[in-house]
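Colleague: Dumping the structure here so I can ask a few things about it.
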Amino acid sequence: MNRTRQPASFFVAKNMNKQVVQQSVICILGGMGPQASARLLKLLVDKAAREFGAKNDDEFPEIIVDSVPVPDFISDSKNVTKVKEELIKRVKLLDKFNPSCFGIACNTAHILLSDLQQVTKTPFVSIVDEIAEEIKASGFNKVGLLASPTTIATNLFGDRLSQSEIEIIVPTDDQTGKVEGVIRRVLAGRQSNKDGKLLATVADSLIKNGAQGIILGCTELPLIFPKNFPMPVFDSLEILAKALLNISYN
Numbered sequence: 022m023n024r025t026r027q028p029a030s031f032f033v034a035k036n037m038n039k040q041v042v043q044q045s046v047i048c049i050l051g052g053m054g055p056q057a058s059a060r061l062l063k064l065l066v067d068k069a070a071r072e073f074g075a076k077n078d079d080e081f082p083e084i085i086v087d088s089v090p091v092p093d094f095i096s097d098s099k100n101v102t103k104v105k106e107e108l109i110k111r112v113k114l115l116d117k118f119n120p121s122c123f124g125i126a127c128n129t130a131h132i133l134l135s136d137l138q139q140v141t142k143t144p145f146v147s148i149v150d151e152i153a154e155e156i157k158a159s160g161f162n163k164v165g166l167l168a169s170p171t172t173i174a175t176n177l178f179g180d181r182l183s184q185s186e187i188e189i190i191v192p193t194d195d196q197t198g199k200v201e202g203v204i205r206r207v208l209a210g211r212q213s214n215k216d217g218k219l220l221a222t223v224a225d226s227l228i229k230n231g232a233q234g235i236i237l238g239c240t241e242l243p244l245i246f247p248k249n250f251p252m253p254v255f256d257s258l259e260i261l262a263k264a265l266l267n268i269s270y271n
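If you read the sequence shown in the numbering used here, its first letter stands for residue 22, the second for the next number, and so on.
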């Protein structure tokens, strides 16, 4: 398949004394969950204006978000095969738009990243890789992880961060169950301030065990995690948005 094409849009804008060129399409696999996908879209638009100087409609990146209603696999891996089959279909569909990159607005779904990458030549931006680079740049060697039970059980972050000599501290099984409860309440639109305090309590316990910062390793967690948490926080959606825009504009 010939991937060379004339850009759908092309412009040059000035931002902090540098030229910014936008000539690509960003495709997002979303719906896991929908609220996080909506936040990612807002982050992309806000960052395009604030950090890349976009002012007019045609200066913002072309973004296609597919909110895919997949079976639940937050804590039970029995649906993973069904999820993989559905996401592969969506990648093949979105590939027709000839995007410059794919993003997945879900940490847990990254356990399927290698399978999805096999069906397209378009690169996926890995949340896990990008977070690893952010932590490495921060100079930390031990971080805490708040994530879904499936993400923790598959050691998704641990395997990657160990390559950068970064140790992961995970919550107890009981704490992970409580984090899952928060995730599910966010998905259902029933979260409250108590949920933010609960997450902060779990994060505090990881800090006491030596974590120098906290990974919000589920895209629902930044929607409720306290903004005033006193230690460094790695917001997976913020980091993904920045990486996607760097590709789109550069």
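Glycine included, every Cβ here is placed at the ideal spot set by N, Cα and C.
How close, in whole Å, do the beta carbons of V46 and F118 come, if the pair is a contact with beta carbons under 8 Å?
Modeller: 5 Å between Cβ atoms; contact.
Colleague: Tell me which residues share the same chain as P253 and place their Cβ nearer than 6 Å to its Cβ, disregarding the 5 neighbours each side in the sequence.
Modeller: Excluding positions up to five away in sequence, the list reads G234.
Colleague: Tell me, please, whether the stretch 77-90 touches the stretch 56-66 by the rule of three or more beta-carbon pairs shorter than 8 Å.
Modeller: As far as the Cβ criterion goes, the stretch 77-90 touches the stretch 56-66, which means the pair count is three or higher.
Colleague: Look up S257 in the DSSP assignment and say whether it is helix, strand or coil.
Modeller: Note: S257 maps to helix in three-state DSSP.
Colleague: State the Cα-Cα distance for the pair E107 and V207, rounded to the nearest angstrom.
Modeller: Looking at the two C-alpha atoms, the distance is approximately 23 Å.
Colleague: Sorted by chain position, which residues of the same chain lie with C-beta nearer than 6 Å to T129's C-beta, five sequence neighbours on each side aside?
Modeller: If we look at T129 and ignore the five residues flanking it on each side, its Cβ neighbours are S169, T171 and T172.
Colleague: Are there 16 or more other CB atoms within 10 angstroms of the CB of D194, so buried, or fewer, so exposed?
Modeller: It is exposed - the Cβ of D194 has fewer than 16 other Cβ atoms within 10 Å.
Colleague: Under three-state DSSP, which class holds G165?
Modeller: In the structure shown, G165 sits in a strand (DSSP, three-state: E or B).
Colleague: Quick one: which unbroken beta strand (DSSP E) runs of 3-plus residues sit fully inside the stretch 130-188? Chain order, please.
Modeller: You should have 163-167.
Colleague: Compute the Euclidean distance between the alpha carbons of V86 and I49, then round it to the nearest angstrom.
Modeller: Cα to Cα, V86 sits roughly 5 Å from I49.
Colleague: Leaving out five residues before and five after T240 in sequence, what residues of the same chain have Cβ atoms less than 7 Å from its Cβ?
Modeller: Here the set comprises A57, A126, C127, N128, S257 and L258.
Colleague: Can you name, in chain order, every residue of its own chain whose Cβ lies under 6 Å from the Cβ of V101, other than the five neighbours on each side?
Modeller: Closer than 6 Å at the Cβ level, and outside the excluded window around V101, lie F94.
Colleague: Please report the straight-line C-alpha distance between L242 and L166, rounded to a whole angstrom.
Modeller: If you take the alpha carbons of L242 and L166, they lie about 11 Å apart.
Colleague: Using the Cα positions of L220 and P144, report the straight-line distance between them to the nearest angstrom.
Modeller: Distance between the alpha carbons of L220 and P144: 33 Å.
Colleague: Measure the Cβ-Cβ separation of T175 and I132 and say whether it is below 8 Å.
Modeller: Yes, these two residues count as a Cβ contact at 8 Å.
Colleague: Do L265 and C122 count as a contact pair if the criterion is CB distance below 8 Å?
Modeller: Against a cut-off of 8 Å, the Cβ pair of L265 and C122 comes out as a contact.
Colleague: Short of 8 Å in beta carbon distance, which residues of its chain neighbour F250, apart from the five on each side in sequence? Order them along the chain.
Modeller: Once the five neighbours on either side are set aside, the close Cβ partners of F250 are A221, A224 and I235.
Colleague: For a quick check, are the C-beta atoms of I245 and Q212 less than 8 Å apart?
Modeller: In this structure, Q212 lies closer than 8 Å to I245 by Cβ.
Colleague: So, with DSSP's three-state summary, where would you put F123?
Modeller: Three-state DSSP puts F123 in a strand.
Colleague: Among V203, I109, G124 and K113, which one has its Cα closest to the Cα of S269?
Modeller: Looking at the Cα atoms, G124 is the closest of the given residues.
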